[in-house]
Every structure is written in structure tokens, then in C-alpha cells.
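Peer 1: Residue numbering for the sequence shown follows full-length UniProt numbering, starting at 1 and increasing by one per position.
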Amino acid sequence: MSISSILRQDALEYHAGGKPGKIEVKPTKSTATQRDLSLAYSPGVAEPCLEIAENVEKVYDYTAKGNLVGVISNGTAVLGLGNIGPEASKPVMEGKGVLFKVFSDIDVFDIELAVTDPDEFVDTVARLEPTFGGINLEDIKSPECFEIEEKLKARLKIPIMHDDQHGTAIISSAALLNALEIVDKKIEETRFVISGAGAAAISCVKLYLKLGARIENFYIFDKDGLVSEDRPDLNRYLAPLAGKAGRNTSMAEAMKGADVFLGLSVGGILKPEMVATMAANPIVFAMANPTPEIGYEEAKAVREDLIMATGRSDFPNQVNNVLGFPFIFRGALDVRASEINDEMKLAAAKALACLAKKPVPDIVNLAYNEKSLSFGPEYIIPKPVDPRLITTISMAVAKAAMESGVATKPIKNWDVYENQLAKRLGLDNQVMKFILKRAKSNPKRIVFAEAENLKVLKAVREVLDEGIAKPILLGRKANIDAICEEHHIDLGDIEIFDFKHPDNAALLAEFAELFYEKRKRRGFTKWEAEKQVRKSNYFAAMMLETNRADGVISGLTKNYPDAIRPALQIIGKKPGVNKVAGMYLLLSKQGPLFFSDTTINFQPSIADIVEITELTSEAVERFNLKPKMAMLSYSNFGSADGDDALKMRAATAILKEKHPDWVIEGEMQAHLAFDKELRQQNYPFATLGNDTANTLIFPSLSSANIAYNLLKEAADIEYIGPILLGLRKPVHVLQLGASVREIVNMVAIAVVEAQSV
Numbered sequence: 001m002s003i004s005s006i007l008r009q010d011a012l013e014y015h016a017g018g019k020p021g022k023i024e025v026k027p028t029k030s031t032a033t034q035r036d037l038s039l040a041y042s043p044g045v046a047e048p049c050l051e052i053a054e055n056v057e058k059v060y061d062y063t064a065k066g067n068l069v070g071v072i073s074n075g076t077a078v079l080g081l082g083n084i085g086p087e088a089s090k091p092v093m094e095g096k097g098v099l100f101k102v103f104s105d106i107d108v109f110d111i112e113l114a115v116t117d118p119d120e121f122v123d124t125v126a127r128l129e130p131t132f133g134g135i136n137l138e139d140i141k142s143p144e145c146f147e148i149e150e151k152l153k154a155r156l157k158i159p160i161m162h163d164d165q166h167g168t169a170i171i172s173s174a175a176l177l178n179a180l181e182i183v184d185k186k187i188e189e190t191r192f193v194i195s196g197a198g199a200a201a202i203s204c205v206k207l208y209l210k211l212g213a214r215i216e217n218f219y220i221f222d223k224d225g226l227v228s229e230d231r232p233d234l235n236r237y238l239a240p241l242a243g244k245a246g247r248n249t250s251m252a253e254a255m256k257g258a259d260v261f262l263g264l265s266v267g268g269i270l271k272p273e274m275v276a277t278m279a280a281n282p283i284v285f286a287m288a289n290p291t292p293e294i295g296y297e298e299a300k301a302v303r304e305d306l307i308m309a310t311g312r313s314d315f316p317n318q319v320n321n322v323l324g325f326p327f328i329f330r331g332a333l334d335v336r337a338s339e340i341n342d343e344m345k346l347a348a349a350k351a352l353a354c355l356a357k358k359p360v361p362d363i364v365n366l367a368y369n370e371k372s373l374s375f376g377p378e379y380i381i382p383k384p385v386d387p388r389l390i391t392t393i394s395m396a397v398a399k400a401a402m403e404s405g406v407a408t409k410p411i412k413n414w415d416v417y418e419n420q421l422a423k424r425l426g427l428d429n430q431v432m433k434f435i436l437k438r439a440k441s442n443p444k445r446i447v448f449a450e451a452e453n454l455k456v457l458k459a460v461r462e463v464l465d466e467g468i469a470k471p472i473l474l475g476r477k478a479n480i481d482a483i484c485e486e487h488h489i490d491l492g493d494i495e496i497f498d499f500k501h502p503d504n505a506a507l508l509a510e511f512a513e514l515f516y517e518k519r520k521r522r523g524f525t526k527w528e529a530e531k532q533v534r535k536s537n538y539f540a541a542m543m544l545e546t547n548r549a550d551g552v553i554s555g556l557t558k559n560y561p562d563a564i565r566p567a568l569q570i571i572g573k574k575p576g577v578n579k580v581a582g583m584y585l586l587l588s589k590q591g592p593l594f595f596s597d598t599t600i601n602f603q604p605s606i607a608d609i610v611e612i613t614e615l616t617s618e619a620v621e622r623f624n625l626k627p628k629m630a631m632l633s634y635s636n637f638g639s640a641d642g643d644d645a646l647k648m649r650a651a652t653a654i655l656k657e658k659h660p661d662w663v664i665e666g667e668m669q670a671h672l673a674f675d676k677e678l679r680q681q682n683y684p685f686a687t688l689g690n691d692t693a694n695t696l697i698f699p700s701l702s703s704a705n706i707a708y709n710l711l712k713e714a715a716d717i718e719y720i721g722p723i724l725l726g727l728r729k730p731v732h733v734l735q736l737g738a739s740v741r742e743i744v745n746m747v748a749i750a751v752v753e754a755q756s757v
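(1) Indicate whether Ile468 and Ala738 have their beta-carbon atoms separated by less than 8 Å.
(2) Could you check the C-alpha separation between Ala707 and Gly642 for me, to the nearest Å?
(3) Which one or two residues does DSSP pair with Glu418 in a beta bridge?
(4) Give me whichever residues DSSP pairs with Ala469 in a beta bridge.
(5) Report the three-state DSSP secondary structure of Met287 (helix, strand or coil).
(6) To the nearest angstrom, how far is it from the Cα of Ala400 to the Cα of Cys354?
(7) Identify the continuous alpha helix (DSSP H) that holds Glu742 and give its terminal residues.
(8) Between Ile160, Pro159, Ser142, which lies nearest to Asp222 when the distance is taken from Cα to Cα?
(9) Apart from the five residues just before and just after Leu421, which ones in its own chain have a Cβ nearer than 6 Å to its Cβ?
(10) Can the beta-carbon of Asn559 be found less than 8 Å from the beta-carbon of Leu736?
(11) CB Arg728 to CB Lys574, shorter than 8 Å?
(12) Contact between the stretch 95-111 and the stretch 39-50 is defined here as three or more beta-carbon pairs at a separation below 8 Å; is this criterion met?
(13) Using 8 Å as the threshold, is the C-beta distance between His487 and Leu454 below it?
(14) Take Phe497 as the anchor and find which of Arg548, Leu710, Ala64, Pro86 has the nearest alpha-carbon.
(15) My understanding is that Ile202 touches Leu152, with C-beta atoms under 8 Å, so please give their C-beta distance in whole angstroms.
(16) Does the distance from the CB of Leu137 to the CB of Glu120 come in under 8 Å?
(17) If you count every other CB in all the chains shown that lies within 10 Å of the CB of Asp230, and 16 or more means buried, which is it?
(18) So, is Asp164 buried or exposed, given that buried needs 16 or more other C-beta atoms within 10 angstroms?
(19) For the beta strand (DSSP E) containing Ile111, list its first residue and its last residue.
(20) Let's see if you can read the secondary structure: which residues bound the beta strand (DSSP E) around Asn601?
(21) Tell me which same chain residues have a C-beta within less than 7 Å of the C-beta of Glu298, skipping the five on either side of it?
(22) Starting from His166, trace the alpha helix (DSSP H) both ways and give me its first and last residue.
(23) What residue range does the beta strand (DSSP E) around Val663 cover?
(24) List the DSSP bridge partners of Leu655.
(25) With 16 other CB atoms within 10 Å as the buried threshold, where does Pro235 fall?
(26) Can you list the beta strand (DSSP E) stretches of 3 or more residues lying completely in the UniProt domain "Malic enzyme N-terminal" (20-153), in chain order?
(27) For the stretch 537-555 and the stretch 661-675, state whether three or more C-beta atom pairs, one from each stretch, are separated by less than 8 Å.
(28) How many angstroms separate the CA atom of Leu427 from the CA atom of Gly591?
(29) From Ala478 to Val260, what does the alpha carbon distance come to, in whole angstroms?
(30) Rounded to whole angstroms, what is the Cα-Cα separation between Gln743 and Ala459?
(31) Based on the DSSP output, what are the partners of Leu586 in its beta bridges?
(32) Let me make sure I understand the geometry here. Which of Phe218, Val397, Gly638 has the alpha-carbon closest to that of Ile340?
(33) What alpha helix (DSSP H) runs, 4 residues minimum, are completely inside the stretch 447-505?
(34) In its own chain, which residues sit with a C-beta less than 8 Å from the C-beta of Lys58, not counting the 5 before and 5 after it?
(35) Would you mind reading off the limits of the beta strand (DSSP E) that contains Pro219?
(36) Output the boundary residues of the beta strand (DSSP E) element that contains Leu632.
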């Protein structure tokens, strides 16, 4: 694992900023009152203690054990960094914990042990069994990792998996099954060449054998050459996989006529001429990171009939362990499996392979800027952002655990379980992934009106690193360079536009004349026009209007009215739009929530509400989500007749008539938009049905602004916005003091909008 010098400082700041590290512990029960505290601890806590003492299995009922995994390492084989020690491995273990939480809602304690002796390691971990529902072993060097896992599985009655071994084996098995199906080859007749003989490679071979491959068809190479029977240096885990060919057989010789190459070694070891000698329709899994054993384009150049996978996200068919371990543990924990056995691993691999053959959700196509991903040579395994992974794999693993007899709490209702899995993860962690990937697919020119600002420059660096946009900076070059030098920000040869420099006098004059023509009948003189375009946010808007940029980001250091005014005066509204509106996106655990209008229209009329709702619906669909809209008031379906209630009732009626296929309902109180049971009990006619709303339309600026500010602060919810709706071209005005992340998110949204202008 390596990281460029440009990103080094960002990575260090990311891990050190705010609370150091990436994880924290939060209470899951109320602690607001003295009574709460007396229940959480003394004297109330004694009651569950006594229940557990009487029946130890009740520990799963009264504690977090059933959803808690220990990620445990001794730091002897950390990613590509080697034996760097337990303390240095902690950032990686915390990162693993983040993936567990984000992808499968599993909580993690990371534990780094200053132990290298396998028996001492096993003894230490075994003593932790009462704490955890499962153990994920991580970054332990081979061959000790095999012995440690074997002994722990024999001693403990909770799921244990060394992901470095089995994760790659499971994901690559899914890819292999599908690749062989595409090329119409039988696994028992397939000849394999394996580069690498570490933990992952050994586990891959063992799982492929379980799938039907034959040991005599494997040629395994390590740094000392072919793993063959005549080698005396093989450990007890590698020796059973040794081939009969002589140790002097080269990899180039073995590659002749081979059907599959599996690389878990070092970059560049597989040469194009070797690939050229493989059998018809060869399969190459080159999974060394960050540099594969052979480059994707390099391999494709010599074999057009090739199916290829790598460990990288920038090529088709990424073999990524995150496709497996979160969901394998999810299924294992949910049935309280006593172990993770081969049946569960095979079930995960087969479920993953099967998922790749099903129609791909639009939300995944959007994320990868594809019109329609479909099963074939460049799509043999699902993408990590596929929301179906948690249900598909977790359920398959849970069923396999039950069928193999290791489940102690069998699932009784699979429909209920599937719904529970789907609800564990809202789309809060997915929405911006999709937008960011969409932006990367076709970056646009975004001008930053306030570039002489540290936050803006940090955001620009991130935008460059991620390939989201092509930034244009407005400001004095000397000032920008000074900030960058002081804070070690490398912007490369990015365009910096010092628009007040004498060299740009002609452009200022051009912009002043254009602004004057636009605003001369709105009270502006030529002198005032010249004065206005010398302001950065006006100059930025002029760049957008004259097609010198595709979008504008401004407002970080200005109040909202001053920041939005240039957009309204210069860019103006889309044809047919009467009112520009503002929308916020709140990323809640239940999924994304869109609030409108939060920033512009103080007391919108019925017609205004209708237009704002239509603009909001269009914007929500750009996030590839179906709007489910609630028209909010203090009244429920005619229970009161105040001005706001009548306005929202009338607007709802108009919208239902104009858009009969929409999911929209109102007027209603805010809680009713989410409480479907109460709604169905009292208002069964409501068209939201079993859905909860994801789009909230408010009767006034005051109510919308208060609601989103209270929610984002009191509930500690991440938010994105304000997103301006109804302008001809993308202009987005940041809130005063927006964070670097908020700036980057707004840039991505501006780019996606610009792609469709």
C-alpha cells in the first residue's frame, strides 16, 4: 500500500482531525434523566446481570454481543506494508470497523495485540469470547495465520474468519464461476496457474477445489518457483497443494495452454507474451494492488478473448473483499452461528455469482455512469455499491449455517428477515457515492468565486484528487500560492484567474457591457455595472454565462442574499420557471430526506408551491431516487382550515391532477409522513401507502428553514445544500463556514447538473 506525497498530508489530517481516529462508541439507549442512568447502570443494571447469570444465552438479549465483532491483529502483515507492529496497524483495523458498520451495520471493537507467538495469540483471543459475537482476524502473516484460525475455531463457539485468507477466495470464486460459464468451460477440466502462495492464494485454491477443480490442474508459484513435491521447504499448509511437475518448471512454461491465471503476488510479474500462450478464452485475475501482475490494457492488447479481473476499481470486475466479509458476518451473527464453515463460504460465493446475472438496479448504473450493466465479460461480479448485497449474501449465509447445523438461532420468517436487512442501511451512505461517481465520469469546469480561502483550496485539492471537476480559481495568484505553501497544498498547474489584473481589463470591460445590457432597465448604470463585475461572485457568474465555465461555487464568506443575487441577475431562471427555489438534502439513517423550499420564497402562493414541488421532484430524480412527497402543514387532510393548511391542500390537489402517477400526499403533519402505521390506521386512503416520505414540501420559508436546521443540529445529521432549483445553469451558494466535505459535495452536484445542461 502506498500513497502519493500529495495525499499524504490529507490522509494524516483526515485521521487526526476532530476526534483522532475513525470510530467511537455511542449509547443506544436514552441517558437523558437520572432514571435512565439508574437503569443503564446501578441499580437497574443488576437485573440483566442476574438474568444472564441464570442463563448465559440471554447475554444476546440484554447486551450488544450479538452485533459486535472483534477485528483483531498483531500487525505482522499489514496490507502492503508488512510487519509494522500492532500500534501501526490500528488505523487499518479502525478502517475495517468502518466498513463493517457502513456496509452491514455491524459494530466493531478493534484490538491490536503485541503478540507474535501463535499459541499466546490464541490464548489471548480465546479469553475475549464472552465479549464478542464474532472474530475477524486481520493482517496476520502466513503461515501463523492458518494455525491461529484453526486453533481458535476449535476452541471458540462464535464465528471466526481470517478475511485475508477467505475474503479473496470467496469473491474470486464468484467471479471464477461466472467467467467459466461465459467461456463455457467446466471447472473440473480447467487448468490454473497461481502466482503467489500466501494465505489468500492457499485459501483460493482450497475453495476452488470445493467447487470442483482438481488438484492436478494447479501450478502454484511462489518467490522460489513452482510449488512442487520435490521441494523440501514447503510448510504443512502448502505441501498438500504441491504439484508433480519438477521445481524447475517456469511460470512461462506453465502458462502455455492454461485456462486461468490467478495473481496474488507482485505487480508486473505476468508478461504479455505469457498471456498470448494461454488457451482460448483465457481468464486472468491479476489482483496485486495497487499494480496488478499485468495491466488491464496490456493484457487486452494481446488477447481480445480475455476475461479479466483485478483488485482495482478503475477497471471492470473488481475483486474487492468488501463484497463479502460484512455480509458473511451479518448472516452468521443473525443466526448465532457457532462458526463460519465451508458451506457458508460456498453459499456466499454462489449467491454473489448469481446476483451478477440479475438485472442491475438503476442506482448502480448511475454510480458507474453506465446505461445498463449486464452479465458478461466486463461484469462477472456485482459492484460494491449494489444495495442488494446485504440481503442476497447475508440470507444465503444464514441459510447455509442452518442447513449445515451450526446455527443456534434459526430464522423462522425469511420475508421478515429480508425486510430487516434492507432497513439496516438507509441510502444515506450511498447517495453521494452515486453523485460523485457520476461527476467523475464527465468532469466539468467549475469556477470557485472565493479561492483565497483555505477551505476552498483544500476542497479543490480533493476535487482534483477524485477527478470530480476541472476547477478554475478566482483570486490573486500570489495570495493563493502563499496559502498553498503554508499549508502544503499542491494544486499543480491548475488555472488561477486573477481577474483584477491589468491583463484582464478587456475581459472586465466585456463583462461590464454584458451586465449593463442585462440590467440597464433594472436601475444599473454603466459605472455600476463595471463596479459589480469586479466582485468575484459576479465575475464567476459572468464566466458561466459566457460559457467560460460550466458551474459556479460561491457563498462561503458572504451572506446568502448577496451570494445568490448574481445568479438571479446574470444567469436567470430556466424557460417556463417563475420561482427559483432552494432544497436541502439531509442524510439520515432512514435514508435521504429532501427539504424544500428552505432558502428563497418567504410565503409562496398555491401556484408557487406547485412549481416548487415540481422543481424538487425533478431534482430528487437526478439522484436516481423516486420522490415520495409529503405536503406538510399543521393540519391532517382537512382537520384545520388555516391559511397554510388550505394552501397545501389546494397545491396537493393540483399536483395530483397534473401528475397522477406521482407518490404525493397532503396536507399532513410532519410525523405522519413517516409513521405509516398511524397513517394506515387513520387515513387508509393516503397514497403514500406502506412508504415513508423522502421529500418534504413546506408551506413557508420559515417552517422549512427551522425544520432542517433543528434536525441537522439536534440529530447530528449530515446535510448537503442549499441546492438551487430552477436556474438556467448550475450555480450553488454555500452556507457561511461550510466544511471542506460540504464544498466537495456541492461541486459534485454542480458537475452532474452541468452534464445535462
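We put the beta carbon where it would ideally sit given N, CA and C, even for glycine. For clarity, every value in this text was computed on a predicted model and none was experimentally measured.
Peer 2: To lay it out plainly:
(1) Residue 468 sits at position 468 when you count from the first residue of the sequence shown. Residue 738 sits at position 738 when you count from the first residue of the sequence shown. Not a contact, by the Cβ cut-off of 8 Å.
(2) Mapped onto the sequence shown, residue 707 falls at position 707. Mapped onto the sequence shown, residue 642 falls at position 642. Going by the C-alpha atoms only, they are around 20 Å apart.
(3) As a working note, residue 418 is residue 418 in the sequence shown. None, per the DSSP bridge assignment.
(4) In the sequence shown, counting from the first residue as 1, residue 469 sits at position 469. Paired residues: Lys444.
(5) Here residue 287 refers to the residue found at position 287 of the sequence shown. If DSSP states are grouped into helix, strand and coil, Met287 belongs with coil.
(6) By one-based count along the sequence shown, residue 400 stands at place 400. By one-based count along the sequence shown, residue 354 stands at place 354. Taking the straight line joining both Cα atoms gives about 16 Å.
(7) In the sequence shown, the residue the question calls residue 742 occupies position 742. Looking at the DSSP string, the run of the alpha helix (DSSP H) that includes Glu742 is 740-755.
(8) Stepping through the sequence shown from its first residue, residue 222 is reached at position 222. Taking only the C-alpha atoms, the option nearest Asp222 is Ser142.
(9) Position 421 of the sequence shown, counted from the start, is the residue given in the question as residue 421. So the list reads Ile390, Thr391, Ser394, once near-sequence residues are dropped.
(10) For the purposes of this step, residue 559 is identified with residue 559 of the sequence shown, where counting begins at 1. For the purposes of this step, residue 736 is identified with residue 736 of the sequence shown, where counting begins at 1. Closer than 8 Å, so yes.
(11) The sequence position of residue 728 within the sequence shown is 728, counting from 1. The sequence position of residue 574 within the sequence shown is 574, counting from 1. Their beta carbons are under 8 Å apart, which means Arg728 touches Lys574 by this criterion.
(12) no
(13) Residue 487 sits at position 487 when you count from the first residue of the sequence shown. Residue 454 sits at position 454 when you count from the first residue of the sequence shown. In this structure, Leu454 lies closer than 8 Å to His487 by Cβ.
(14) On the sequence shown, position 497 is the one that residue 497 refers to. Closest by alpha carbon: Arg548.
(15) The sequence position of residue 202 within the sequence shown is 202, counting from 1. The sequence position of residue 152 within the sequence shown is 152, counting from 1. That pair is no contact at about 18 Å.
(16) Taking the sequence shown and counting its residues from 1, the one referred to as residue 137 is at position 137. Taking the sequence shown and counting its residues from 1, the one referred to as residue 120 is at position 120. Contact: no.
(17) Here residue 230 refers to the residue found at position 230 of the sequence shown. Exposed, since its Cβ has fewer than 16 Cβ neighbours within 10 Å.
(18) Taking the sequence shown and counting its residues from 1, one reaches residue 164 at position 164. So Asp164 counts as buried.
(19) Numbered from its first residue, the sequence shown carries residue 111 at position 111. Start and end: 107-112.
(20) Numbered from its first residue, the sequence shown carries residue 601 at position 601. Careful: Asn601 lies outside any beta strand (DSSP E) and carries neither H nor E.
(21) Numbered from its first residue, the sequence shown carries residue 298 at position 298. So the qualifying residues of the chain are Pro272.
(22) Here residue 166 refers to the residue found at position 166 of the sequence shown. His166 -> alpha helix (DSSP H) spans 163-183.
(23) What you label residue 663 is simply residue 663 of the sequence shown in a count that begins at 1. Taken as a continuous stretch (DSSP letters only), the beta strand (DSSP E) holding Val663 covers 663-668.
(24) Within the sequence shown, residue 655 is the residue found at index 655, counting from 1. Leu655 pairs with nothing; no bridge assigned.
(25) Along the sequence shown, read from residue 1 onward, the residue named residue 235 stands at position 235. Going by the sequence as given, residue 235 is Asn instead of Pro. Exposed, since its Cβ has fewer than 16 Cβ neighbours within 10 Å.
(26) 68-73, 107-112, 134-137
(27) no
(28) Counted from its first residue, the sequence shown places residue 427 at position 427. Counted from its first residue, the sequence shown places residue 591 at position 591. Residue confidence is low: Leu427 scores 49 on pLDDT, short of 50, so the model does not pin down where it sits. No coordinate-derived value is stated.
(29) What you label residue 478 is simply residue 478 of the sequence shown in a count that begins at 1. What you label residue 260 is simply residue 260 of the sequence shown in a count that begins at 1. About 56 Å.
(30) Your numbering for residue 743 matches position 743 in the sequence shown. Your numbering for residue 459 matches position 459 in the sequence shown. Looking at the sequence shown, residue 743 is not Gln but Ile. Cα to Cα, Ile743 sits roughly 6 Å from Ala459.
(31) Within the sequence shown, numbered from 1, the residue matching residue 586 stands at position 586. Answer is Leu593, Tyr719, bridged to Leu586.
(32) In the sequence shown, residue 340 corresponds to position 340, counting from 1. Cα-wise, what sits closest to Ile340 is Val397.
(33) 454-466, 477-486
(34) Here residue 58 refers to the residue found at position 58 when the sequence shown is read from its first residue. Answer for Lys58: Pro48, Glu51, Ile52, listed in chain order.
(35) In the sequence shown, the residue the question calls residue 219 occupies position 219. Residue 219 is actually Tyr in this sequence, not Pro. Here the beta strand (DSSP E) through Tyr219 covers 218-222.
(36) Taking the sequence shown and counting its residues from 1, one reaches residue 632 at position 632. Element bounds for Leu632: 628-632.
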